[in-house]
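Worksheet: one structure, shown below.
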Amino acid sequence: MPDMRAIGFTHNQPIENNQSFFEFFEPRPEATGHDLLVKVIATAVNPVDTGVRRGTTERLDRPKVIGWDAYGIVTAVGEAVTLFQTGDRVFYAGAFKRPGTDSEYHLVDERIVGPAPTKLTPAEIAATPLTSLTTWEALFEQLPINFDAPKENTGHTVLIINGAGGVGSMATQLAHLAGLTVIATASRPETIAWTQSHGADYVVNHREDLVAQVHDLGFKTVDYILELSNLNQHWSEIVDLIKPSGHIVSITGSETPLDLRALKPKRATFAWEWMYTKSYYETPDMLSQHAILTRVQQLLDAGKLKSTLNKTMTPINAANLRAAHALVESNRMIGKVVITNA
Ligand SMILES: NC(=O)c1ccc[n+]([C@@H]2O[C@H](COP(=O)([O-])OP(=O)(O)OC[C@H]3O[C@@H](n4cnc5c(N)ncnc54)[C@H](OP(=O)(O)O)[C@@H]3O)[C@@H](O)[C@H]2O)c1
Numbered sequence: 169m170p171d172m173r174a175i176g177f178t179h180n181q182p183i184e185n186n187q188s189f190f191e192f193f194e195p196r197p198e199a200t201g202h203d204l205l206v207k208v209i210a211t212a213v214n215p216v217d218t219g220v221r222r223g224t225t226e227r228l229d230r231p232k233v234i235g236w237d238a239y240g241i242v243t244a245v246g247e248a249v250t251l252f253q254t255g256d257r258v259f260y261a262g263a264f265k266r267p268g269t270d271s272e273y274h275l276v277d278e279r280i281v282g283p284a285p286t287k288l289t290p291a292e293i294a295a296t297p298l299t300s301l302t303t304w305e306a307l308f309e310q311l312p313i314n315f316d317a318p319k320e321n322t323g324h325t326v327l328i329i330n331g332a333g334g335v336g337s338m339a340t341q342l343a344h345l346a347g348l349t350v351i352a353t354a355s356r357p358e359t360i361a362w363t364q365s366h367g368a369d370y371v372v373n374h375r376e377d378l379v380a381q382v383h384d385l386g387f388k389t390v391d392y393i394l395e396l397s398n399l400n401q402h403w404s405e406i407v408d409l410i411k412p413s414g415h416i417v418s419i420t421g422s423e424t425p426l427d428l429r430a431l432k433p434k435r436a437t438f439a440w441e442w443m444y445t446k447s448y449y450e451t452p453d454m455l456s457q458h459a460i461l462t463r464v465q466q467l468l469d470a471g472k473l474k475s476t477l478n479k480t481m482t483p484i485n486a487a488n489l490r491a492a493h494a495l496v497e498s499n500r501m502i503g504k505v506v507i508t509n510a
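Numbers in my numbering are just positions in the sequence shown, counted from 1, shifted up by 168.
Spelled out as structure tokens, the structure:
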């Protein structure tokens with residue numbers, strides 16, 4: 169097999185250091201089983217990228233390649249592949265335990281891949297898979313909300329904590345399309361405006377008292393809460409604001425233990441969402457990520473859902489990857505940053 173170009177790191181270094189990511193060559197992998205070999209055209213950077221890089225404190229023997237969101241062209245398929253063929257354009261968010269998309273070619277299991285939208289640019293497409301899968305699984309699998317029943321959902325309220333980030337920009341749109349009343353949080357004029365333009369009915373400030381602000385809007389409690397930033401910081405507000413028998417989902421985890429006992433008087437339910445669970449454990453419903461991405465592709469091509477792309481860098485190289493990581497690390501990202509060769 170010929171070599172391919174890749175971008176990686178051996179240990180965490182400040183992102184300003186020009187060795188925090190470097191380019192190198194390694195053998196191009198071969199597609200077997202359910203794998204597709206994809207030529208990567210565009211890739212987005214998410215907080216998981218910066219988290220994994222910063223968490224690599226011990227020096228590795230070989231450079232590690234990360235990166236999850238991708239848009240690209242299938243160049244080879246494994247013998248068990250049935251969903252795609254060579255030449256297909258695809259988008260996906262990949263698997264946590266496999267090498268990433270910051271390389272010229274990338275192997276991915278067909279069951280977590282969707283057919284790429286046809287009416288969007290490569291960068292617009294690469295901005296969408298990880299956040300749409302996370303949102304879809306959080307709202308429509310981990311919470312009892314049926315995306316296809318907007319009439320049934322009308323009058324039900326969701327509070328989305330962190331409305332302008334990558335996931336929030338997708339979540340406000342999908343919750344709005346599902347017929348929910350959306351209260352989303354943002355703290356700066358530009359994030360407030362972005363959140364409103366992505367389907368939020370109301371915006372409250374997560375740096376001020378959320379309980380008082382939601383009450384001032386006329387809501388004593390909300391039916392659902394989607395937590396997308398700093399669960400520990402917002403936990404007591406979540407407990408106060410959830411409706412009796414309401415449902416909460418968190419995608420962020422917690423640094424200190426959560427007091428789940430606080431939910432007992434309201435008999436509220438709490439769920440986690442991890443976008444990688446299905447591929448990590450190869451669950452029987454792993455193929456559902458193919459189905460979700462196919463729905464998302466249809467919504468994007470129909471113009472019902474819009475890409476959350478906000479910043480584009482060209483081409484895919486170490487300098488642009490460092491710049492994109494620096495943006496995401498700032499914790500002030502609005503929508504998505506994508507690095508593209510197209
Ligand atoms: N479990 C999963 O499968 C999964 C998947 C994707 C992401 N995640 C995690 O989910 C989180 C959000 O991801 P993302 O890509 O949406 O992040 P992001 O794009 O980096 O979010 C940036 C936004 O966070 C807001 N923010 C900063 N501090 C906040 C706070 N204390 N409370 C509420 N909002 C705050 C900022 O809004 P203002 O500037 O207006 O303050 C900013 O616009 C990350 O922790 C990520 O690792 C988990």
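Note that CB positions come from ideal geometry on N, CA and C, so glycine has one too.
Owing to the predicted nature of the structure, the values given are computational and were not obtained by experimental measurement.
Output the boundary residues of the beta strand (DSSP E) element that contains residue i.
i: Glu191; result: Phe190 to Pro195
i: Arg173; result: Asp171 to Gly176
i: Glu395; result: Val390 to Glu395
i: Asp277; result: Tyr273 to Asp277
i: Asn330; result: Segment: none, Asn330 is in no beta strand (DSSP E) and carries neither H nor E.
i: Trp440; result: Thr437 to Trp440
i: Pro318; result: Run containing Pro318: none in the beta strand (DSSP E); it sits in the alpha helix (DSSP H), Pro318 to Asn321.
i: Asn478; result: Leu477 to Met481
i: Thr302; result: Element bounds for Thr302: not the beta strand (DSSP E) but the alpha helix (DSSP H), Pro297 to Glu305.
i: Ala352; result: Thr349 to Thr353
i: Gly282; result: Val281 to Pro283
i: Thr508; result: Lys504 to Thr508
i: Tyr444; result: Here Tyr444 belongs to no beta strand (DSSP E), and DSSP marks it neither H nor E.
Leaving out five residues on either side along the sequence, give the residues of the same chain with a beta carbon under 8 Å from the beta carbon of residue i.
i: Ile351; result: Thr325, Val326, Leu327, Ile328, Ala368, Asp369, Tyr370, Val371, Val372, Val382, Leu385, Phe387 and Val390
i: Ala263; result: Val276, Asp277, Ile280, Tyr444, Ser447 and Tyr448
i: His402; result: Ile329, His374, Leu378 and Glu395
i: Glu320; result: Asn314 and Gly347
Which first and last residues belong to the alpha helix (DSSP H) in which residue i is found?
i: Pro290; result: Pro290 to Ala294
i: Trp362; result: Pro357 to Ser365
i: Met454; result: Counting along the chain, Met454 falls outside any alpha helix (DSSP H), and DSSP gives it neither H nor E.
i: His179; result: Taken as a continuous stretch (DSSP letters only), His179 belongs to no alpha helix (DSSP H), as it is neither H nor E.
i: Pro267; result: Unbroken run through Pro267: none, as it is neither H nor E.
i: Leu409; result: Leu399 to Leu409
i: Asp384; result: Leu378 to Asp384
i: Asn314; result: Looking at the DSSP string, Asn314 is not in any alpha helix (DSSP H), and its letter there is neither H nor E.
i: His493; result: Ala486 to Glu497
Please return the same chain residues whose Cβ sits closer than 6 Å to the Cβ of residue i, not counting the five positions on each side in sequence.
i: Asp408; result: Val379
i: Val464; result: Ser300
i: Phe308; result: Phe315
i: His179; result: Thr224 and Arg227
i: Gly331; result: Thr340, Ala352, Thr353, Ala354, Thr363 and Ala368
i: Lys479; result: Val505
i: Ile293; result: Tyr239, Phe259, Ala284 and Pro285
i: Leu399; result: Ser418, Thr420 and Ser422
i: His344; result: Val350 and Gly367
i: Pro483; result: Asn509
i: Asp217; result: Ile234
i: Gly336; result: Ile328, Asn330 and Leu396
i: Ile175; result: Phe189, Glu191, Asp270, Ala486 and Leu489
i: Val208; result: Ala238, Gly240, Thr269 and His274
i: Lys287; result: Asp469
i: Ala317; result: none
Apart from the five residues just before and just after residue i, which ones in its own chain have a Cβ nearer than 7 Å to its Cβ?
i: Pro267; result: Val233
i: Tyr260; result: Ala238, Val276, Ile280, Val281, Gly282, Pro297 and Leu461
i: Val220; result: Ile234
i: Ala306; result: Leu394, Val417, Ile419 and Glu441
(message) Suppose only complete runs of 4+ residues qualify. What are the alpha helix (DSSP H) ranges in the stretch 189-260, listed by chain order?
(response) Qualifying alpha helix (DSSP H) stretches, in chain order: 215-223.
(request) Decide yes or no for the touch test of the stretch 263-280 against the stretch 195-202: beta carbon pairs closer than 8 Å, at least 3 of them. (result) Verdict: yes, contact present.
(message) Three Cβ pairs or more, each shorter than 8 Å: is that satisfied between the stretch 354-363 and the stretch 418-431?
(response) Not touching, per the Cβ criterion.
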